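**Q** Protein chains in written order, with full-length UniProt numbering: chain A, 1 to 825; chain B, 1 to 825. Here a beta-carbon is modelled for each residue, glycine too, at the ideal position from N, C-alpha and C. The model shown is predicted, which means the values in this text are computed figures rather than measured ones.
1) Taking DSSP as the reference, what is the three-state secondary structure of residue 474(B)?
2) Less than 7 Å between the CB of residue 588(B) and some heavy atom of the ligand COA, yes or no?
3) Looking at C-beta atoms only, is the number of pairs between the region 662-680 of chain A and the region 558-572 of chain A that lie closer than 8 Å three or more?
4) State the beta-bridge partners of residue 498(A) as determined by DSSP.
5) In the structure shown, what three-state DSSP assignment does residue 12(B) receive?
6) Can you find a CB in chain B that lies within less than 8 Å of the CB of residue 193(A)?
7) For the putative contact between residue 77(A) and residue 40(A), defined by C-beta atoms under 8 Å, what is the C-beta separation to the nearest angstrom?
8) Taking DSSP as the reference, what is the three-state secondary structure of residue 43(A)?
9) Which residue from 210(B), 347(B), 205(B), 15(B) puts its Cα closest to that of residue 287(B)?
10) Report the three-state DSSP secondary structure of residue 121(B) (helix, strand or coil).
11) Assign residue 596(B) to one of two classes, buried (16 or more other C-beta atoms within 10 Å of its C-beta) or exposed (fewer than that).
12) Can you give me the Cβ contacts of residue 275(B) inside the same chain, cut-off strictly under 8 Å, excluding the 5 residues immediately before and after it?
13) Taking a contact to mean a Cβ-Cβ separation below 8 Å, would you say residue 193(B) touches residue 190(A) in this structure?
14) Cβ closer than 9 Å: which chain A residues qualify as neighbours of residue 737(B)?
15) Return the chain-ordered ranges of every alpha helix (DSSP H) run that is complete within the region 654-709 of chain B and spans a minimum of 4 residues.
16) Give every residue of the same chain whose Cβ lies closer than 6 Å to the Cβ of residue 248(A), excluding the five residues on either side of it in the sequence, and list them in chain order.
17) How about residue 600(B): is its C-beta nearer than 8 Å to some C-beta of chain A?
18) So what's residue 820(B) in DSSP terms, helix, strand or just coil?
19) Would DSSP call residue 825(B) helix, strand or coil?
20) Give me whichever residues DSSP pairs with residue 452(B) in a beta bridge.
21) Establish whether the CB of residue 514(A) and some CB of chain B are separated by less than 8 Å.
22) Mind pulling the chain B residues with CB within less than 9 Å of residue 742(A)?
23) Excluding the 5 residues preceding and the 5 following residue 173(A) in the sequence, name in chain order all residues of the same chain whose CB lies nearer than 6 Å to its CB.
24) Between which two residues does the beta strand (DSSP E) holding residue 245(B) run?
25) Please work out which residues of its chain come closer than 6 Å, Cβ to Cβ, to residue 815(A), disregarding the five sequence neighbours upstream and downstream, and give them in chain order.
26) The alpha helix (DSSP H) that contains residue 168(A), what's its start and end?
27) What's the C-alpha gap between residue 569(A) and residue 155(B)?
28) Might you give, ordered along the chain, the residues of its own chain that have their beta carbon closer than 6 Å to the beta carbon of residue 129(B), omitting 5 neighbours on each side?
29) Tell me, please, whether the CB atom of residue 323(B) is closer than 8 Å to any CB atom in chain A?
30) Report all residues from its chain with a CB closer than 7 Å to the CB of residue 269(B); omit the five preceding and five following residues, and keep chain order.
31) For the pair the region 445-454 of chain A and the region 395-410 of chain A, tell me if three or more CB-CB distances fall below 8 Å.
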């Protein structure tokens with residue numbers, strides 16, 4: 001890693017001259033070296049230069065890895081190196097077929113970067129031995145492209161996100177070329193299939209360029225690929241339909257001279273880069289209309305340059321080359337021979353000098369310093385990360401004269417602040433969402449920016465807040481939003497993703513991969529911290545409105561907390577000021593995934609800004625104004641809430657208890673930071689047992705109203721002293737309804753039911769308060785009946801406000817605001 | 001619902017005559033009626049026939065629903081009705097834009113089906129009032145197409161699966177036409193974008209036909225759609241690239257006569273259906289090569305026939321028509337007027353008779369009986385479901401002379417049985433997987449069937465087990481596999497989906513939607529039970545081999561158990577015979593989602609077939625042969641395992657304890673059915689507390705080795721008496737390694753660590769067994785050291801077998817088999 005300054009690209013046009021034979025030979029030698037290093041990584045434990053005859057003990061006991069895709073990846077790496085050097089074009093490489101880990105590691109090693117960041121993997125015979133041994137070996141490196149791989153922003157695990165990541169990297173990096181290799185296996189995935197359309201969202205002047213390279217090697221694990229088995233015309237049409245100008249290159253499948261192949265491919269690559277330079281030049285002159293961006297179809301044999309047949313079965317150019325073609329090389333002498341011939345076919349003696357160092361002429365193909373794809377600072381985004389300029393969120397807070405004394409749509413308040421975040425950070429902050437930014441109430445941002453769009457425009461009557469450059473990215477694909485954002489963050493920028501809570505499960509597995517990436521990077525010293533991935537889930541389970549049962553699922557939180565505690569944070573702010581304080585914290589944080597759930601419907605505000613700041617900082621706390629406990633004494637019962645709707649119901653229950661059972665000492669606790677509930681040994685935010693006991697008591701009943709599946713609260717608190725006394729109400733996969741109170745009733749989270757829980761859980765009350773209990777039961781039945789008849793909630797419930805708020809906000813006004821806000825999907 | 005006999009389609013060619021004016025007028029009247037009923041559902045509480053002047057109180061207090069997509073859906077419904085009647089073509093309708101619930105409900109009502117299945121929604125004015133009121137109303141029906149909607153197999157919630165479901169329905173239904181409407185919003189999702197390629201997997205002779213209709217109404221919630229804003233040439237290319245022959249229809253956007261529009265569209269539809277008839281005729285004559293299947297691009301205004309402008313803002317043909325265009329109709333007199341004019345524009349007085357019944361001429365457009373799309377039995381698949389013919393799984397069992405006395409790859413054994421399941425059920429059972437059927441060890445099935453494929457063939461040298469018809473469906477898209485299978489099951493067939501455990505999270509949200517569908521259908525009497533959705537997760541977290549950290553995530557189980565207990569089952573069979581017994585049960589079950597996790601690597605068998613049957617039936621039990629407890633007494637400690645790798649380590653720990661602490665009374669419990677751990681009040685499979693206590697004791701330490709995230713065991717058992725004594729080891733997001741024992745060590749689930757846990761948890765042992773404890777610590781360190789050096793596990797660990805198995809299986813043989821089986825991704 002030599003610099004933190006990004007390279008300035010010039011989008012130069014090439015020389016127009018065909019390459020001379022020396023350059024072609026150098027490309028070929030580089031390619032042979034990379035392939036040799038790749039095969040070496042997969043198979044060899046010792047004897048890395050084959051200076052001794054290959055012995056069975058030189059072969060690893062467990063052969064793991066993926067050869068098939070690798071030679072295509074190294075071929076592209078070699079050619080890109082040549083072009084980068086010629087054009088001084090800042091370029092990063094996204095390897096969609098991340099299985100081909102050895103190829104990218106080989107590239108970084110040939111670049112010299114590998115030895116710079118891993119000083120024990122030296123540029124000599126011993127370093128080569130270590131390079132080979134560590135691959136897919138206990139205590140070594142993974143077989144896939146991974147955070148450990150210099151130059152990568154793209155995990156080689158789950159397929160489908162190569163183009164989304166590439167475009168995410170390109171946004172706001174006008175001088176960056178992202179070479180994105182798409183495997184034809186990956187191309188069958190849904191996320192990849194839609195991500196081609198990213199070209200309708202990129203701005204030719206203000207953003208960088210993605211060069212998609214569809215690598216058709218024809219096979220997956222055990223099958224041909226779809227795109228390799230449709231006609232050339234269909235494939236061509238598909239790419240044109242995706243908005244690309246395809247350049248088709250077919251590698252020789254027989255004994256054609258490699259130099260000829262290199263010459264032909266270099267010509268294609270130069271054509272493509274010249275077309276890109278031309279588009280960039282036009283864009284610089286103001287023509288930013290969407291061009292047909294070039295892309296390359298690269299058709300090669302799978303496992304190219306490997307053994308053609310093994311045991312009489314076609315291997316190269318078949319699915320049999322996918323993984324480790326000679327799995328029994330250690331135990332089958334003929335296979336060992338084939339491996340030996342295969343390795344020597346790359347002529348290692350020409351590629352490495354006496355000491356095992358790559359010979360100068362080969363090494364000379366690598367560009368200098370950060371022009372090396374493995375050393376490009378964009379691929380280690382933390383190097384380029386700048387703090388956001390954040391306006392003081394306190395100035396955006398809402399007035400809360402008394403608790404419940406004003407009403408807000410919390411995300412709308414957040415939107416005002418985000419508007420200035422956008423304004424102050426015009427080139428390194430973006431908001432991503434699947435057509436829901438306004439629906440999720442962040443529409444204020446459209447006062448200062450637009451949705452970036454580069455497909456056709458129809459005019460202002462219908463195209464509101466749509467323009468060729470803007471900070472909001474909307475496409476109806478959660479995969480795209482997440483993938484774009486990941487690419488944007490990993491290249492050193494900031495952003496957030498708003499989505500409906502139910503649909504965020506669409507990206508469960510993408511979240512997994514990103515969280516795992518973050519976890520691993522924390523242990524890699526040269527990987528600098530990147531901005532956190534921030535979610536805002538504003539259309540949540542408790543207000544379905546236009547949407548049905550299928551839109552209800554609060555389980556993303558459960559999914560998230562399965563990941564390593566050090567990288568995940570979950571916040572459930574109960575009102576607007578708390579949301580502001582929380583989000584300010586999130587946008588300042590690094591290397592986390594922050595999940596923030598905050599409903600978008602009008603709801604009462606409870607905390608002043610100062611209170612909200614203190615409450616957010618603590619993560620949870622007693623709301624003394626809401627309880628009836630005596631100072632210095634333990635309460636009779638604790639009412640706890642996490643989430644905005646549960647908080648409302650808990651307060652309404654506290655109100656009933658205060659009126660009906662004035663002697664009952666009730667403590668009200670509100671939880672913002674869910675991780676605080678966990679043991680301090682489990683999560684860095686976790687409370688100590690002493691702190692937990694001080695809040696929740698060791699022996700008093702706790703009636704806990706939770707936003708999501710109730711299990712999670714038990715899971716987070718099961719080691720706590722008072723756990724047996726915690727009684728949780730939450731979402732339980734029940735029904736569908738369209739009125740808010742009916743919804744909480746369906747799930748037994750309503751105020752009446754919470755009061756019933758208090759009566760049932762508090763010793764003595766069951767008997768003494770049978771009458772109150774029955775009134776609660778009756779109230780629920782009456783409320784249910786009313787909604788069935790009127791299609792709306794009982795006014796007394798709908799219009800309820802926290803009693804102290806009576807003066808500040810007339811209850812009817814409040815009610816009118818709370819219950820008429822429409823949902824917007 | 002009039003019949004359970006599927007209609008026999010004839011794939012007739014149309015008359016070739018243009019439609020007469022009376023027919024066109026009937027289509028238009030039907031369309032007007034469906035639109036009237038749709039608007040009525042969204043807005044009206046009373047006055048359904050507008051026989052009185054429209055009053056504000058006739059309007060619902062909360063206006064919810066989606067108008068924008070609806071008129072396009074009803075337009076297609078009307079035209080399909082006409083064509084179905086003429087051709088007697090069995091047809092179902094998949095509404096991708098499922099938001100348009102009112103449209104499909106209106107269709108079913110006009111067909112007469114609605115009143116047949118919901119007898120209180122009569123065909124008169126009172127029935128209309130109920131139809132209107134119930135829509136998106138507490139206690140009513142959801143606003144989306146849902147299980148409650150007759151004729152639907154497709155939930156209108158999360159977008160992206162219309163085509164996958166449609167193709168799933170078409171497989172093995174050679175006479176069925178599936179009209180699949182794809183919204184242009186949905187078309188932006190990843191799953192939908194790849195699902196067009198389903199046409200490479202359908203067999204023109206043996207399968208039905210999917211007619212994709214891309215409905216370009218141009219807008220989403222607040223944005224234009226991508227496909228509506230690319231050039232006609234690009235869109236055309238895209239469809240050709242997807243393998244379709246597009247037929248473009250542009251509805252008049254101005255005052256064009258509706259009859260003319262109907263005439264033009266009917267012509268397009270007839271052309272398309274004639275092309276399909278022609279393809280089917282050719283296929284019947286043996287030409288089953290993939291044709292360019294026709295599809296329709298239907299370009300209409302969004303909110304077609306609704307108010308053009310509201311408050312001066314363009315509404316129809318803009319995103320403003322997406323939801324409820326006149327949200328304040330109740331409180332704004334001008335809006336009420338607009339609504340009145342809008343409703344009356346459909347001329348309800350011509351459409352309903354005095355009693356409120358649909359007039360005969362309109363009703364006449366509906367086909368007869370099960371030819372009605374709303375009554376087609378394929379859309380209520382349970383009606384057509386036949387039991388599978390299941391071979392006696394006991395005959396496929398493996399010999400287990402003594403526990404651990406033989407070695408199997410459990411899924412390979414299952415594959416032998418599945419081979420005969422395939423053979424015995426040649427047209428109603430399919431296996432779905434993302435290129436992993438062989439990798440997951442089910443390759444035996446290729447002895448009797450092939451992978452169905454209809455793209456190009458390259459010949460037997462590379463195309464193994466690939467043919468134009470076969471029972472295995474492989475595409476590298478978990479979304480497609482899941483979507484196809486869902487469509488296949490919901491139309492009354494059987495199947496299973498094999499996937500890597502880590503990647504099954506890709507379909508988390510699809511699982512959600514299917515589980516919710518099942519939950520709701522259980523409460524709908526006319527929906528007959530369908531076959532369960534069966535997963536087989538055979539490449540699990542504990543054996544990563546070729547794959548890295550990114551491939552590790554056992555959290556799908558956690559995700560699944562969040563859903564309603566009555567629809568989910570999770571099984572972790574520890575050996576081959578148990579897997580057989582489990583899967584036989586799964587394939588016989590109905591209306592569940594069954595998740596079965598079973599590793600594919602060679603592993604010892606512990607139970608004879610008889611034992612396995614008993615063990616599976618109980619779901620968990622004491623393995624007496626593995627323990628050292630005295631009969632009739634409580635043990636000193638319980639070692640429990642759920643999952644194959646945890647079982648192996650628990651047994652190895654039990655072996656150590658037996659040798660080192662012969663006086664310690666150890667009980668060994670194995671859990672197959674995870675739901676048994678839950679309370680009987682939480683899950684129908686749950687143990688009673690008494691049963692649980694009998695097994696796990698109330699007060700002895702339980703060291704529990706679990707396949708997944710340890711939390712889940714706490715979550716399932718937190719109410720149990722002995723919960724405080726349960727100490728769980730499971731997967732904890734650690735590291736990446738390539739040797740099996742190193743992997744379990746990384747997660748502290750290894751035998752040595754389990755022994756340490758026993759020592760630490762069992763009163764008295766901590767002090768007395770400090771020496772043994774230290775030896776265990778040392779053994780772990782030595783084992784770790786060895787893997788780092790040799791790339792393989794210590795032979796004594798790798799070769800360990802259950803001591804009683806010593807005679808039956810030589811330990812070296814066993815070891816050789818256990819640790820050389822390669823992984824295959």
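**A** According to the structure data:
1) By 1-based counting over the second chain, the position of residue 474(B) is 474. DSSP places residue 474(B) in strand when its eight states are reduced to three.
2) In the structure shown, the ligand COA is absent, as is every other ligand, since no ligand is present at all.
3) At 8 Å Cβ cutoff, the stretches touch.
4) In the first chain, residue 498(A) corresponds to position 498, counting from 1. The partner list for residue 498(A) (beta bridge, DSSP) reads 536(A).
5) Numbered from its first residue, the second chain carries residue 12(B) at position 12. Of the three classes helix, strand and coil, the one that applies to residue 12(B) here is coil, per DSSP.
6) Here residue 193(A) refers to the residue found at position 193 of the first chain. True, the Cβ-Cβ gap to chain B drops below 8 Å.
7) The residue labelled residue 77(A) in the question sits at position 77 within the first chain. The residue labelled residue 40(A) in the question sits at position 40 within the first chain. Going by Cβ atoms, the distance from residue 77(A) to residue 40(A) rounds to 16 Å, so no, they are not a contact pair.
8) The count along the first chain starts at 1 and reaches residue 43(A) at position 43. Residue 43(A): helix per DSSP, three-state reduction.
9) Taking the second chain and counting its residues from 1, the one referred to as residue 287(B) is at position 287. When the alpha-carbon of residue 287(B) is set against those of 210(B), 347(B), 205(B), 15(B), the nearest one is in 205(B).
10) Taking the first residue of the second chain as position 1, residue 121(B) is located at position 121. In the three-state DSSP reduction, residue 121(B) falls in the coil class, being neither helix nor strand.
11) To locate residue 596(B), count along the second chain from 1; it is residue 596. Flag for residue 596(B) reads buried.
12) Position 275 of the second chain, counted from the first residue, corresponds to residue 275(B). Same-chain partners within the cutoff: 245, 294.
13) Within the second chain, residue 193(B) is the residue found at index 193, counting from 1. Within the first chain, residue 190(A) is the residue found at index 190, counting from 1. Yes, the Cβ-Cβ distance between residue 193(B) and residue 190(A) is below 8 Å.
14) Locating residue 737(B) in the second chain gives position 737, where the first residue counts as 1. For residue 737(B), the chain A residues whose Cβ falls inside 9 Å of its Cβ are 137, 138, 139, 140, in order along the chain.
15) The region 654-709 of chain B contains these whole alpha helix (DSSP H) runs: 689-696.
16) Position 248 of the first chain holds residue 248(A). Within the same chain, residue 248(A) has close Cβ partners 297.
17) For this step, residue 600(B) is matched to residue 600 along the second chain. By this cut-off, residue 600(B) is not an interface position.
18) In the second chain, counting from the first residue as 1, residue 820(B) sits at position 820. Model confidence at residue 820(B) stands at a pLDDT of 37, short of 50, so the residue's coordinates are unreliable and nothing is read from them.
19) As a working mapping, residue 825(B) is identified with position 825 in the second chain. Only weak support is given to the placement of residue 825(B): the predicted model assigns it a pLDDT of 41, under 50, and the question is left unresolved by the model.
20) For the purposes of this step, residue 452(B) is taken as the residue at position 452 of the second chain. Paired residue(s): 467(B).
21) Stepping through the first chain from its first residue, residue 514(A) is reached at position 514. So, not an interface residue.
22) Against the first chain, residue 742(A) aligns to sequence position 742. Chain B residues near residue 742(A): 138, 139.
23) To locate residue 173(A), count along the first chain from 1; it is residue 173. Correct list, in chain order: 208.
24) Against the second chain, residue 245(B) aligns to sequence position 245. Where residue 245(B) is concerned, the enclosing beta strand (DSSP E) starts and stops at 244-250.
25) By one-based count along the first chain, residue 815(A) stands at place 815. Note on residue 815(A): pLDDT 36, under 50, position unreliable in the model; the coordinate value appears next. The residues are 798, 799.
26) For the purposes of this step, residue 168(A) is taken as residue 168 along the first chain, with counting starting at 1. Per DSSP, residue 168(A) belongs to the alpha helix (DSSP H) from 162-170.
27) The count along the first chain starts at 1 and reaches residue 569(A) at position 569. The count along the second chain starts at 1 and reaches residue 155(B) at position 155. Rounded to whole angstroms, residue 569(A) and residue 155(B) show a C-alpha spacing of 32 Å.
28) The residue you call residue 129(B) lines up with position 129 of the second chain. A distance below 6 Å between beta-carbons, with the five flanking residues on each side excluded, links residue 129(B) to the following residues of its chain, in chain order: 48.
29) Looking up residue 323(B) in the second chain gives position 323. Interface residue, yes.
30) Numbered from 1 along the second chain, position 269 holds the residue referred to as residue 269(B). Hits under 7 Å: 79, 83.
31) Because the criterion of three Cβ pairs below 8 Å is not met, the region 445-454 of chain A and the region 395-410 of chain A do not touch.
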